[in-house]
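Engineer: Numbering (our numbering), first residue to last: 4 to 864. Submitted below is the structure of interest, expressed as structure tokens.
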Amino acid sequence: MKYQPKEIEPKWLTKWLEEKIYATREEGKKVYVLGMFPYPSGEGLHTGHVRIYTATDVIARLFRMKGYRVLFPMGWDAFGLPAENAAIKSKTNPMEMVPRNEANFRRQMEILGLSYDWEREFSTTDPSYYRWTQWLFLKLYSLKNEKGERLVYRKEVPINWCPFCKTGLANEEVLADGTHERCGTVVEKRLLPQWMMRITDYAERLLTDLDTVEWQDEGGKEHQGLDWPEGILEMQKNWIGRKEGVRVRYKITGAATIPGGTFLEVFTTRLDTIYGVSFMVVAPEKVKDWLDKGWIIDPKVTEYIKQALSKPEQQRLAAVDDKTGVDTGLRAVNPIDGSKIPIYVADYVLSEVGTGAVMGVPAHDRRDFEFAKKFGLEVKRVVTEDAPPDGSPTGTPRELQDSSWDGGRMASSQVESDVPGGAFEDDGVLINSGIYDGLSSVEAREKIFAELKKQGLAEHEVTYHLRDWIFSRQRYWGEPFPLVYCEKCGDENGVVTVPEKQLPVKLPKLISYQPSGTGESPLALASDWVNTTCPRCGGKARRETDTMPNWAGSCWYFLRFADTDNRKQAWSGEKLSKWLPVDWYLGGAEHAVLHLLYARFWIKAFYDLKLLKFTEPFLRLRSVGIVLAEDKKKMSKSLGNVVTPDEVVDKFGADAVRIYEMFMGPWEQSIAWETRALVGSYRFLDKLYQLATRDLEKKLGKSDKTLRVQLSKLVNKVESDIQNLKFNTAVAAMMKFTNSWAKSEGLGVEDLKILFITLAPLAPFMAEELYQRLAVKDKKWVSVHQQAWPEVEVATEEETVVVAVQVNGRLRDTINLSASEARDEDRVKVEAQSRERVKRFLEGKDARTVFVPGRLINFVV
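Structure, rendered in structure tokens:
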């Protein structure tokens, strides 16, 4: 019988939907499996989506068959810039475009056989959903810290402004090259009033919980710390950026003083280098604040500040080799030795980092060295690895480069050749530091701090790189804020909150929704909507016309999936306790300091509001590798190299696409699409189908003994590999078994049943078709996906051998395999490519293999 997926797959898809076999069960131990829900673009799903969602589906199917109650939902992250920009480009109102796109995404997911509980589907744009987003915002607005400061506040701040999207952006939405992460436009700076969230109040908890939160997985194993990829944990830690140091007060000299006092405060982690300070640098924002308060200064300073503030933050920080700055004319007194230090304004210092002022120590900081080199400022070495017998020289960078002193690592003739940036940045031994000479950096920091603290000039302090979250957008397509401005009743932010009974504040349908670029949302022109009455006094009021960012809806969607039918609450505590936190969360690493950080922040705030009983939303996170085009470039509509599931499912069937996506390489590794390899997956399924058809007709009572042993191993292997996200080795094991099967007498009926159940998570349509041929016709129809996962014991253990894995002849890892597996080149190759120690040498490279059966495999790159 010929394998015909075009006949098999639609038949079973219809049956599954009719029978609702994927409805969420209420009995058993819980497992919550979730793929990051998508923005439904007009282009539909691409093969990168398929890789993520097939993986989550395979996991969900396995756990269902193992007897767990599985929550496996899907919805749409449809508010925000991507949808609005697409609507503008297509000249279609997003209220009309988005539902069409969502329907198309669902259709594509269904034909792929993804086993979602569609009864729980929702979109962040549904008023019934964003009613609760608005309600949660009001709860956050009510939250205050120990100082009485609101978690949500309004402030005029310099923001990242995208001139293409015509809206403000959070710092996390600007890439390292200074461009908008969505559209690629170079970001500018603008001063605008914004709604902010005090995420910095949660910095310490966001940091420490990564490593300390305690939880138990679905198997009962205890964990401490989130089970996330190490790279994403590091990205979050670096973004939060905790630093322990000292705040030091420098007195300003002369008649000229800064507004608000005669001291300039700086934060430093290297108090041991204070004797080497030769200049101070103040952020342009800080000096502008002085100017706004009446400080009179040279016009060249004013002009410099204007230019500096027009640059995006990333551009300012990236300009390592082209430092700019202006001498303000002010001088500071070094509190440790009384020397007078020039104060510059320079754009590489940011107002929101530390105090907005830094002490320049060019001998021991790369950026300070470049600045000193540019302006001919003194470089004084005060820390060295090996102190010279007669002291260390001082002078300008040029003078030091011409010097012949060679006392240890910091010999001035080696300033730029031996030390990156011409600065020794490590701890060491103090020199040129008065009574502290000869002390280690650690000892010196303690003693210098004690002396300055005694004088009232220093305090210990902890700072963070993390900034408060800019939460408002000057766009149309987003959740309206449930706030109105009332001159009579407004609070410290000038607003009155909309009562819960009046929620949702619905987004009006606008004919003209294009951004104006004036700093106001298009909603500002909807006078009938904007002009309203104050819910407190009944007088005239105006609605807030900015909208929430697209992150608002995705900060809590995973909670709503537990209780989607609730019309009276965002969720019930009972439902939440049954399902949350999320056990398996799969998606892209690009969300490391965006969605993942924001969602963690909201969950901790909800915990403080006593809305939740847990503090971390995603216990186990896995990040998928990118699926590149066949030309190894990123898939792009403009390049014409996008592969959609529609075209390949139509040609090869959904099961073949699923098998290929899971087999193409280690799941976390980026890899190029190969249609030729997809043909191979189709042929594998065809071979399996023909063998199954043969043995179904034979109706053997018992299987070949050797084959039965291999089947037992296969069941255990597939189960283990799926739970470890080694989908490619699970498929490889299935292929190997099929090859052995083809050479055998065949499988008996009971073993065929076991095989079809084992196949079901990976190729659900074919598994259903084959299983139903075994089913008793006069009994109630039951799907293969409702069967229990086989419990088998391996009857005979083969000898285990060790296979060496080399890259270019160098040993990188070893693999323990059975003797038969060690002779199978495809099996060894797949297993080797999945190893962390090996794949980093192969990623993105072409390699041929040298294979010695049972002994070694060598990848020649």
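C-beta atoms are modelled at their ideal positions from N, C-alpha and C, and glycine is treated no differently.
Specify, as a first and last residue, the run of the beta strand (DSSP E) that TYR588 falls within.
Structural biologist: Along the sequence shown, one-based indexing puts residue 588 at 585. Taken as a continuous stretch (DSSP letters only), the beta strand (DSSP E) holding TYR588 covers 587-590.
Engineer: What does DSSP give as the partner residue(s) for THR95 in the beta ladder?
Structural biologist: The residue given as residue 95 occupies position 92 in the sequence shown. Answer is none; THR95 lacks a bridge partner.
Engineer: Could you give the first and the last residue of the continuous alpha helix (DSSP H) run that contains GLY730?
Structural biologist: Start at 1 with the first residue of the sequence shown, and residue 730 comes out as number 727. A small correction: the amino acid at residue 730 is Phe; Gly does not occupy that position in the sequence shown. Note, PHE730: alpha helix (DSSP H), 730-745.
Engineer: Which value, in whole angstroms, describes the spacing of the CA atoms of LEU714 and VAL155?
Structural biologist: Position 711 of the sequence shown, counted from the first residue, corresponds to residue 714. Position 152 of the sequence shown, counted from the first residue, corresponds to residue 155. Between LEU714 and VAL155, the C-alpha separation is close to 59 angstroms.
Engineer: Nearest-angstrom Cα distance between PHE844 and ILE818?
Structural biologist: Taking the sequence shown and counting its residues from 1, one reaches residue 844 at position 841. Taking the sequence shown and counting its residues from 1, one reaches residue 818 at position 815. If you take the alpha carbons of PHE844 and ILE818, they lie about 17 angstroms apart.
Engineer: Could you tell me the distance, in whole angstroms, from the CA atom of THR17 to the CA atom of GLY520?
Structural biologist: As a position in the sequence shown, residue 17 is number 14, starting the count at 1. As a position in the sequence shown, residue 520 is number 517, starting the count at 1. Distance between the alpha carbons of THR17 and GLY520 is about 49 angstroms.
Engineer: Thinking C-alpha only, which one of GLN505, PHE768, LEU755 is nearest TYR133?
Structural biologist: Sequence index remark: in the sequence shown, residue 133 carries index 130 (1-based). Considering only alpha carbons, the answer is GLN505.
Engineer: Considering only the alpha carbon of each residue, which of VAL863, GLU839, VAL841 lies closest to ASP849?
Structural biologist: Taking the first residue of the sequence shown as position 1, residue 849 is located at position 846. The shortest Cα separation from ASP849 among VAL863, GLU839, VAL841 belongs to VAL863.
Engineer: For the candidate residues ARG250, ARG208, GLU796, MET665, whose alpha-carbon lies nearest to that of VAL465?
Structural biologist: Here the question's residue 465 lines up with position 462 in the sequence shown. Cα-wise, what sits closest to VAL465 is ARG250.
Engineer: Mapping DSSP to helix, strand and coil, what is PRO865?
Structural biologist: Outside the shown range of the chain, which is 4 to 864, sits residue 865, and nothing can be said about it.
Engineer: Is the beta carbon of LEU267 less than 8 angstroms from the beta carbon of ALA335?
Structural biologist: In the sequence shown, residue 267 corresponds to position 264, counting from 1. In the sequence shown, residue 335 corresponds to position 332, counting from 1. Closer than 8 angstroms, so yes.
Engineer: Using three-state DSSP, classify HIS52 as helix, strand or coil.
Structural biologist: Residue numbering aside, residue 52 sits at position 49 when the sequence shown is read from its first letter. DSSP places HIS52 in helix when its eight states are reduced to three.
Engineer: In terms of residues, what are the limits of the beta strand (DSSP E) holding TRP574?
Structural biologist: Within the sequence shown, residue 574 is the residue found at index 571, counting from 1. Per DSSP, TRP574 belongs to no beta strand (DSSP E) and is neither H nor E.
Engineer: To the nearest angstrom, how far is the alpha carbon of GLY628 from that of GLN219?
Structural biologist: Residue mapping note: residue 628 aligns to position 625 of the sequence shown, counting from 1. Residue mapping note: residue 219 aligns to position 216 of the sequence shown, counting from 1. Rounded to the nearest angstrom, the two C-alpha atoms are 27 angstroms apart.
Engineer: Would you call the stretch 743-758 in contact with the stretch 703-711, where contact means no fewer than 3 C-beta pairs closer than 8 angstroms?
Structural biologist: Enough Cβ pairs lie closer than 8 angstroms, so yes.
Engineer: Leaving out the 5 sequence neighbours to the left and right, which residues in its chain are closer than 6 angstroms to GLU176 when beta-carbon positions are compared?
Structural biologist: One-based indexing of the sequence shown puts residue 176 at position 173. Only GLU184 meet the Cβ criterion.
Engineer: What residues are listed by DSSP as bridge partners for VAL806?
Structural biologist: Position 803 of the sequence shown holds residue 806. DSSP output for VAL806 lists ILE818 as bridge partner(s).
Engineer: Quick check: what's the CA-CA separation for ASP295 versus GLU462?
Structural biologist: Looking up residue 295 in the sequence shown gives position 292. Looking up residue 462 in the sequence shown gives position 459. When rounded, the distance between both Cα atoms is 29 angstroms.
Engineer: Over what stretch of residues does the beta strand (DSSP E) that includes ILE346 continue unbroken?
Structural biologist: By 1-based counting over the sequence shown, the position of residue 346 is 343. That run of the beta strand (DSSP E) goes 343-348.
Engineer: Who does TYR35 pair with in a DSSP beta bridge?
Structural biologist: In the sequence shown, the residue the question calls residue 35 occupies position 32. In the DSSP output, where bridge partners are listed per residue, TYR35 has LEU74.
Engineer: Is the beta carbon of LEU688 closer than 8 angstroms to that of PHE662?
Structural biologist: Position 659 of the sequence shown, counted from the start, is the residue given in the question as residue 662. Position 685 of the sequence shown, counted from the start, is the residue given in the question as residue 688. Residue identity differs from the one stated: residue 662 is Ile in this sequence, not Phe. The answer is yes: Cβ separation under 8 angstroms.
Engineer: With distances taken between CB atoms, is the gap from SER557 to GLY591 smaller than 8 angstroms?
Structural biologist: In the sequence shown, the residue the question calls residue 557 occupies position 554. In the sequence shown, the residue the question calls residue 591 occupies position 588. Cβ atoms of SER557 and GLY591: not closer than 8 angstroms.
Engineer: Which whole-angstrom value is the C-beta distance of ILE75 and ASP120, which I expect to be below 8 angstroms?
Structural biologist: By 1-based counting over the sequence shown, the position of residue 75 is 72. By 1-based counting over the sequence shown, the position of residue 120 is 117. One point to set straight first is that residue 75 is Phe, not Ile, in the sequence displayed. At roughly 6 angstroms, the Cβ-Cβ gap stays under 8 angstroms, so PHE75 and ASP120 are in contact.
Engineer: Quick one: measure Cβ to Cβ for PRO518 and GLN477, integer angstroms, because I've assumed they're closer than 8 angstroms.
Structural biologist: Locating residue 518 in the sequence shown gives position 515, where the first residue counts as 1. Locating residue 477 in the sequence shown gives position 474, where the first residue counts as 1. That belief holds up - the Cβ atoms of PRO518 and GLN477 are roughly 7 angstroms apart, short of 8 angstroms.
Engineer: Go ahead and pull the three-state DSSP assignment for ASP421.
Structural biologist: Counted from its first residue, the sequence shown places residue 421 at position 418. Note that ASP421 has pLDDT 38, beneath the 50 cutoff, so the model's placement of it is unreliable and the number below is only indicative. ASP421 falls in the coil class under three-state DSSP.
Engineer: Whole angstroms is fine: what's the gap from LYS746's alpha carbon to VAL810's?
Structural biologist: As a working note, residue 746 is residue 743 in the sequence shown. As a working note, residue 810 is residue 807 in the sequence shown. Approximately 33 angstroms between the Cα atoms of the pair.
Engineer: Within the same chain, show all residues whose beta-carbon is closer than 6 angstroms to that of TYR25, passing over the 5 residues directly before and after it, in chain order.
Structural biologist: Residue numbering aside, residue 25 sits at position 22 when the sequence shown is read from its first letter. The answer, listed in chain order, is SER118, ASP120.
Engineer: For SER786, which option in LYS705, LEU115, TYR692, TRP19 has the closest C-alpha, if you only look at C-alpha atoms?
Structural biologist: Sequence index remark: in the sequence shown, residue 786 carries index 783 (1-based). Checking every option, the nearest Cα to that of SER786 belongs to TRP19.
Engineer: Give me the residue from GLN7, PHE125, ASN88 with the minimum Cα distance to ASP566.
Structural biologist: Counting from one through the sequence shown, the residue named residue 566 turns up at place 563. Selected option, being the one with the closest Cα: PHE125.
Engineer: Just to confirm the assignment, what range does the alpha helix (DSSP H) spanning ARG134 have?
Structural biologist: Here residue 134 refers to the residue found at position 131 of the sequence shown. It spans 130-145 - the alpha helix (DSSP H) in which ARG134 sits, taken as one unbroken run.
Engineer: Give the straight-line distance between the Cα atoms of LEU624 and PRO856, rounded to the nearest whole angstrom.
Structural biologist: Taking the first residue of the sequence shown as position 1, residue 624 is located at position 621. Taking the first residue of the sequence shown as position 1, residue 856 is located at position 853. Going by the C-alpha atoms only, they are around 36 angstroms apart.
Engineer: Considering ARG840, what are the terminal residues of the alpha helix (DSSP H) in which it resides?
Structural biologist: Stepping through the sequence shown from its first residue, residue 840 is reached at position 837. That run of the alpha helix (DSSP H) goes 839-845.
Engineer: Give the DSSP-derived three-state secondary structure of THR188 in the structure shown.
Structural biologist: Here residue 188 refers to the residue found at position 185 of the sequence shown. Looking at THR188 - three-state DSSP - the assignment turns out to be coil, as it is neither helix nor strand.
Engineer: On the three-state DSSP scale, how would you describe ARG153?
Structural biologist: As a first step, residue 153 is located in the sequence shown; it is residue number 150 there, counting from the start. In the structure shown, ARG153 sits in a strand (DSSP, three-state: E or B).
Engineer: Is it buried or exposed, SER93, if we count other Cβ atoms within 10 angstroms and call 16 or more buried?
Structural biologist: Within the sequence shown, numbered from 1, the residue matching residue 93 stands at position 90. It counts as exposed.
Engineer: Could you tell me the alpha carbon to alpha carbon distance between TRP79 and PHE484, rounded to whole angstroms?
Structural biologist: Position 76 of the sequence shown, counted from the first residue, corresponds to residue 79. Position 481 of the sequence shown, counted from the first residue, corresponds to residue 484. Near 20 angstroms, if we compare the C-alpha coordinates of PHE484 and TRP79.
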